[in-house]
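Protein chains: 2
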Amino acid sequence: MIETRIGIVGLGNMGTAHAKYLIQNEVKGAKLTAVADPREERLQWARDEWGEQIKTFGDSKSLYRSGEVDAVIICTPHYDHPAEAMDAFDQNLHVLIEKPAGVYTRQVREMNERAAGCDKVFGIMYNQRTNPVFMKLKDLIDSGELGEIRRTNWIITDWYRTQHYYNSAGWRATWAGEGGGVLINQDPHQLDLWQWTTGLMPVRVRAFCQFGKHRDIEVENDVTAYVEYANGATGVFVTSTCEAPGTNRFEVTGDRGKVVIEGNRLTFWRLRVSETEFNRNFNGGFGSPECWEIEVPIHSGGAGHEAITKDWIRAIREGTQLIAPGEEGIKGLTLSNAMLLSTWTDNWVELPIDEDLFYNELQKRIEQSASNKQVNEHILLDLSNSRG
Amino acid sequence: MIETRIGIVGLGNMGTAHAKYLIQNEVKGAKLTAVADPREERLQWARDEWGEQIKTFGDSKSLYRSGEVDAVIICTPHYDHPAEAMDAFDQNLHVLIEKPAGVYTRQVREMNERAAGCDKVFGIMYNQRTNPVFMKLKDLIDSGELGEIRRTNWIITDWYRTQHYYNSAGWRATWAGEGGGVLINQDPHQLDLWQWTTGLMPVRVRAFCQFGKHRDIEVENDVTAYVEYANGATGVFVTSTCEAPGTNRFEVTGDRGKVVIEGNRLTFWRLRVSETEFNRNFNGGFGSPECWEIEVPIHSGGAGHEAITKDWIRAIREGTQLIAPGEEGIKGLTLSNAMLLSTWTDNWVELPIDEDLFYNELQKRIEQSASNKQVNEHILLDLSNSRG
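For the protein sequence lines, the chains are A and B, in the order given.
The first sequence runs 61 to 448 under the numbering used here.
The second sequence runs 61 to 448 under the numbering used here.
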């Protein structure tokens, strides 16, 4: 079997994690052959760990043009994802990007157009799409069990981060370095799952971001967003990095009941007849539809990054459909951008957003970006406690 | 013992309920002596039930001036609460009003001023203030156990009402008849408890009301509101009458942890050290404060209306402090008015609200009020399934 040769671009926290399972041959049909990072100490670490079998490059351009790889996993800082992906497509490489797809939708749209213009397989590391509890929710909605959706409500406030975390690298939590805060760094999975499970993107957004709340940072770390969908349904998304213990509770209400996902459990309150039907026929004053509380069985198994990498390799080698097509990264990013833009303009934002306006507003903040935080050290953080 | 003589004004659902426990001498020191209602059939019903011992009046003015009562419980339609209370105060009577205090804060402010100018005891039927689970939450907050509040979030979407309910009387769910929908009719307890337990009123409100959602009514029956407090904390309030089974979940986050009230259970996630202190001292990358999940014991006992009536009688007879002073009714109503006003103006509403603007906007809707729904019959609904 000729294995698909994989290059990893960016040996930070995530790039290193991907390299480790690839080097252990955990992804059938794939072989890590090269890595790129501008930091010589990271390349030296790779050589020390893996020896000569892995080629090391000081820049991604050389890796893409080396002939050593068929496909690349891009784990650079957020801003660079689209440009790196486009360069890789141009070199006829398959691409898997880390989330988020980028920082602003204008650059991500350009990336998507480039991907559409070539025949390479383009994936994004939305590994939570393989989490059985969210797969089950999507199944309940897609199959009509929940009925037409009436409300979504996600409280995701358990992204606790300390000032020490923010101080661990100068680029963290800056407009210039990361392009945002909790929305771009911690929430991409939830912003993806919110619309992926429900199949609904809002038509407009009114959001309220707070910047540097209880933390000495310039970006948003506390957000409440209200959204409206085309069918009249509404939604709320609340997120924060400065609360403990925080909450992770996703509620979706439909015409046939309600689902709550919390603590990796999915509970389905199922109406025997739909609310619409009950309301049409009921004539007893007070009363409500008969409702069954159901603990829905959830398959075991996690939502590891390997699952997405395996799926991407399978698509490359066998032509299967991707669980997480790269083109869909723009959806969650659109929500993220819309929430910031609504706050900056103190107004509604209709979707699709005004991409140029967002870009210009972001540029203003990048220009004023302090990036002058007290930096302890540029450290590789132990991600074992993170859902990243 | 000379008992305090009680008159009940309005023999609708609530007035009848109060009369029933008073006639059974369930409130020590109080005696029902008179009732007033413009509907002769309700007075006839009272005479049939209770005989000559209870005087009946076709209008409240006559009751107030009859010399038959020392105190009155006002259970008229919402709009009339302030005018009735003021007339009763002027006749030197103690007053207990049903919730809501009124429909718009301008009239309620006038009522409060009248109450302040006399020495009568003025209460409001906020019986949920005697619910042990909310008393415990207030205790945890007042005593500092939860620390400074950072977020409030109440999802109260289990006020399910069918079209049949709305059709049961022509005045229901109309601007002219009730002055609003779910906020003025179903939510007054929650709008009171939200600020009573936390001790916090917002400084500004941005709300999104939907009118006649899945129901043929003109008033709001689906609301999402975002609020900001003076200390930087934020809050969300979501309510609806057209979802089944709906949710009733109140979460309050503080510097020392989190409380969730749901299903009449109170769970306290208590941090060993406050978030502020943990954040100041932590230097381990990822990490969060040690947190204990505590099931807080809740006294048994309900939140019956009798408890508030007993408390009011005790205050009249013994000079004790009221659990629910009438003057505090304006707080919940302010939130309710602010949510509508924010929707109508599609903008922020700062507190205190512009009372004249609200009044004028409400008048416009009263003038256009259809009140032409298909009416089945003017029935007394069985309230046993209601939290009213």
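Built from N, CA and C at the ideal position, the CB exists for glycine as well.
Source: prediction; values computed, not measured.
- Per DSSP, the continuous alpha helix (DSSP H) segment holding Gly-389 of chain B begins and ends at 389-405.
- Cβ neighbours of Met-74 of chain B within its own chain (closer than 6 Å, five residues either side excluded): Cys-135, Glu-158.
- Burial is judged here by how many other beta carbons sit within 10 angstroms of a residue's own beta carbon; Ile-376 of chain B has at least 16 and is buried.
- At a cut-off of 7 Å, the C-beta of Trp-404 of chain B has no neighbouring C-beta in chain A.
- Using a Cβ-Cβ cut-off of 7 Å, Glu-280 of chain B does not count as an interface residue toward chain A, since no Cβ of chain A sits closer than that to its own.
- The Cβ of His-224 of chain B sits closer than 7 Å to at least one Cβ of chain A.
- For Val-129 of chain A, no beta strand (DSSP E) run applies, since DSSP gives it neither H nor E.
- Partner residues in the beta bridge of Pro-385 of chain B, as assigned by DSSP, are B:Gly-183.
- Residues of chain A whose Cβ lies closer than 9 Å to the Cβ of Cys-351 of chain B are, in chain order, Ala-304, Pro-305.
- The beta carbons of Leu-92 of chain A and Ile-62 of chain A sit no closer together than 7 Å.
- In its chain, beyond the 5 residues on either side, Val-298, Thr-299, Ser-300, Glu-303, Gly-306, Thr-307, Asn-308 have a beta carbon closer than 8 Å to the beta carbon of Thr-217 of chain A.
- Check the Cα spacing between Trp-110 of chain B and each of B:Asp-119, B:Ala-90, B:Ile-83: the tightest is with B:Ile-83.
- His-249 of chain A and Glu-388 of chain A have their alpha carbons spaced roughly 12 Å apart.
- Boundaries of the beta strand (DSSP E) around His-154 of chain B: 154-157.
- When Cβ pairs closer than 8 Å are counted between the two stretches, the region 92-102 of chain B is seen not to touch the region 363-383 of chain B, the count staying below three.
- Between Trp-329 of chain A and chain B, the shortest Cβ-Cβ separation is below 7 Å.
- With its beta carbon at least 7 Å from every one in chain B, Glu-238 of chain A lies outside the interface.
- If you draw a 10 Å sphere on the C-beta of Trp-352 of chain A, you find fewer than 16 other C-beta atoms in it, and that means exposed.
- Chain-ordered, the chain A residues with CB closer than 7 Å to the CB of Tyr-286 of chain B read Phe-268, Thr-284, Tyr-286.
- Remark: three or more beta-carbon pairs, one from each stretch, lie closer than 8 Å, so the region 185-195 of chain B and the region 351-366 of chain B are flagged as touching.
- Contact check for Glu-366 of chain A against Glu-86 of chain A passes: the beta carbons are separated by less than 7 Å.
- In the structure shown, Asp-282 of chain B adopts extended strand secondary structure according to DSSP, grouped into three states.
- For Ile-426 of chain B, the uninterrupted alpha helix (DSSP H) segment begins and ends at 415-427.
- Cβ contact annotation for Leu-395 of chain A (same chain, cutoff 6 Å, sequence separation greater than five): Leu-251, in chain order.
- For Trp-214 of chain B, the beta-bridge partners assigned by DSSP are B:Phe-297, B:Phe-310.
- Burial state of Arg-232 of chain A is buried, judged by a 10 Å Cβ sphere holding 16 or more other Cβ atoms.
- Here Gln-84 of chain B carries a coil assignment [DSSP, helix/strand/coil].
- Taking a Cβ-Cβ cut-off of 8 Å, the neighbours of Glu-311 of chain A in chain B comprise Ile-215, Thr-307, given in sequence order.
- Chain order gives the chain B residues near Thr-294 of chain A as Phe-268, Gln-270, Asp-282, Thr-284, where near means a beta carbon separation below 8 Å.
- Neighbours of Asn-343 of chain A in chain B, taken as residues whose beta carbon is under 7 Å from its own, are His-224 in chain order.
- For Arg-174 of chain A, no chain B residue has a C-beta closer than 9 Å to its own C-beta; the minimum C-beta separation is roughly 35 Å.
- For Thr-136 of chain A, the three-state secondary structure derived from DSSP is coil.
- Scanning its chain for C-beta atoms nearer than 6 Å, with the 5 sequence neighbours on each side dropped, one finds around Gly-241 of chain B the residues Ala-233, Val-279, Glu-280, Asn-281, in chain order.
- Collapsing the DSSP output to three states places Thr-380 of chain A in coil.
- Residue environment for Pro-349 of chain B: buried (at least 16 other C-beta atoms within 10 angstroms of its C-beta).
- Your pair Ala-148 of chain A and Val-155 of chain A checks out as a contact, with CB atoms roughly 5 Å apart and the cut at 8 Å.
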